[in-house]
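Colleague: So that we are looking at the same thing, I have put the structure below in structure tokens.
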Amino acid sequence: MTEQILHHVEEGVLSLTFNRLERKNAIAVAMYAALADALEQAGGDPAVRVAVIQGHETVFTAGNDLADFLNHRPGGEESPAFRFLRAIAAFEKPLIAAVCGPAVGIGTTLLFHCDLVYAGDNAAFSMPFVNLGLCPEAASSLLVPRMFGYHRAAEALLLGEPFRAETALEWGLVNRIVPPAECNALAQTQARRLAAKPLASLIATKQLMKGGTQADEVRARMAAEGEQFAQLLPAPAAREAMTAFMEKRTPDFKGL
Ligand code: COA
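Per this note's numbering, residue 86 is the first one in the sequence shown, and the count goes up by one each step.
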């Protein structure tokens with residue numbers, strides 16, 4: 086378990102906390118592995134009834150580590166990133182997120198797999214996959230249009246337009262907005278409320294809301310996105326976008 090993901094179980098609540106502030110909680114390969122391992126294990130652990138994913142009050146996560154994207158390709162279905170995506174989509178127990186500050190890329194797309202999302206009033210959501218020469222992941226190409234409506238989804242996914250907490254609340258991604266210093270505490274309070282309820286009823290209710298056809302669609306869409314993503318990641322546009330970020334310059338997509 087990497088120290089960049091803090092892992093804590095108390096009163097039936099598993100808390101997973103991004104802890105890589107010097108890189109704005111960007112998610113490196115070992116962090117995906119730690120998150121996937123924790124969720125896979127929690128699924129069968131009677132001591133865990135609810136899971137919370139949280140960050141710092143200044144930043145949730147800057148998304149995938151861009152240096153990792155340049156150096157390691159996702160590596161197919163068994164890569165830690167794909168394992169994490171499968172784990173959040175298949176997690177049977179309630180999953181809560183507390184989001185403050187930037188939530189970039191997978192920092193936003195993972196929220197579509199959570200049951201409750203609480204946001205600090207400084208939360209800034211973005212899915213800049215196209216700006217990085219990539220395409221959506223985490224079945225966001227399915228779930229974002231479904232929740233936001235197609236045209237709002239197109240602004241978020243084609244233009245990569247960021248949106249703030251109030252917009253996320255209005256469009257249904259967020260349950261409640263609070264001051265950043267209160268966000269993780271609110272998620273913990275709600276998690277403890279859920280942990281006190283009968284687990285089999287929670288699991289059955291979540292399964293009835295999210296299972297069946299939707300679960301099959303999500304799995305199929307993740308696989309389809311993964312194929313496109315794997316082709317785009319090594320291509321020149323993505324190389325240019327990520328190198329430009331590292332070199333702190335604007336990417337030049339002329340001819341790409
Ligand atoms: N991968 C790797 N390093 C990252 C990173 C990422 N996704 N996001 C931030 N960092 C690094 C920066 O390179 C910087 O490193 P440095 O101190 O060596 O210069 C450090 O973290 C601090 O980031 P900085 O950009 O200076 O912070 P900020 O507060 O000005 O902006 C963000 C925060 C999240 C808005 C901005 O860092 C950002 O846009 N990051 C990239 C997001 C992204 O495209 N993610 C991939 C999505 S698929």
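Just so it is clear, CB atoms sit at the ideal spot from N, CA and C, and this is done for glycine as well.
A quick note: this is a predicted structure, and the numbers were derived from the prediction, not measured.
Quick one: residues in its chain with C-beta nearer than 7 Å to the C-beta of Phe-288, no 5 flanking neighbours on either side, listed in chain order?
Modeller: Residue 288 sits at position 203 when you count from the first residue of the sequence shown. Just to set this straight, residue 288 is Ile in the shown sequence, not Phe. Glu-177 and Lys-178.
Colleague: Please tell me whether, using a cut-off of 6 Å, the distance from the CB of Arg-261 to the nearest non-hydrogen atom of ligand 1 is below it.
Modeller: The residue you call residue 261 lines up with position 176 of the sequence shown. No, Cβ of Arg-261 sits at least 6 Å from all heavy atoms of ligand 1.
Colleague: Start and end of the beta strand (DSSP E) containing Ile-90?
Modeller: Your numbering for residue 90 matches position 5 in the sequence shown. In the DSSP assignment, Ile-90 falls within the beta strand (DSSP E) that extends over 90-95.
Colleague: Within 10 angstroms of its Cβ, does Gly-186 collect 16 or more other Cβ (buried), or is it exposed?
Modeller: What you label residue 186 is simply residue 101 of the sequence shown in a count that begins at 1. So Gly-186 counts as buried.
Colleague: Starting from Pro-187, follow its DSSP beta bridges and name the residues at the other end.
Modeller: In the sequence shown, residue 187 corresponds to position 102, counting from 1. For Pro-187, which the question treats as bridged, DSSP gives the partners Ala-209.
Colleague: Alpha carbon to alpha carbon, what distance is there between Leu-201 and Ala-270?
Modeller: Here residue 270 refers to the residue found at position 185 of the sequence shown. Here residue 201 refers to the residue found at position 116 of the sequence shown. The alpha-carbon atoms of Ala-270 and Leu-201 are separated by roughly 14 Å.
Colleague: Do you know whose CA, among Ser-226, Val-135 and Ala-305, lies nearest Gln-275's CA?
Modeller: For the purposes of this step, residue 275 is taken as residue 190 along the sequence shown, with counting starting at 1. Checked all of Ser-226, Val-135 and Ala-305; the closest Cα to Gln-275 is Val-135.
Colleague: Assuming Ala-113 and Gln-89 form a contact by the criterion Cβ under 8 Å, report the distance between their Cβ atoms to the nearest whole angstrom.
Modeller: Numbered from 1 along the sequence shown, position 28 holds the residue referred to as residue 113. Numbered from 1 along the sequence shown, position 4 holds the residue referred to as residue 89. Indeed they touch by this definition, with Cβ atoms about 7 Å apart.
Colleague: According to the neighbour-count rule (16 or more other Cβ atoms, all chains shown, within 10 Å of its Cβ), is Lys-339 buried or exposed?
Modeller: If you number the sequence shown from 1, residue 339 lands on position 254. By the neighbour-count rule (16 or more Cβ atoms within 10 Å), Lys-339 is not buried but exposed.
Colleague: Leaving out five residues before and five after Arg-324 in sequence, what residues of the same chain have Cβ atoms less than 8 Å from its Cβ?
Modeller: The residue you call residue 324 lines up with position 239 of the sequence shown. Cβ within range, chain order: Leu-155 and Gly-218.
Colleague: Between Pro-165 and the rest of its own chain, which residues show a CB-CB distance below 7 Å, the 5 nearest in sequence each way excluded?
Modeller: Counting from one through the sequence shown, the residue named residue 165 turns up at place 80. Cβ within range, chain order: Val-114, Tyr-117, Ala-118 and Ala-121.
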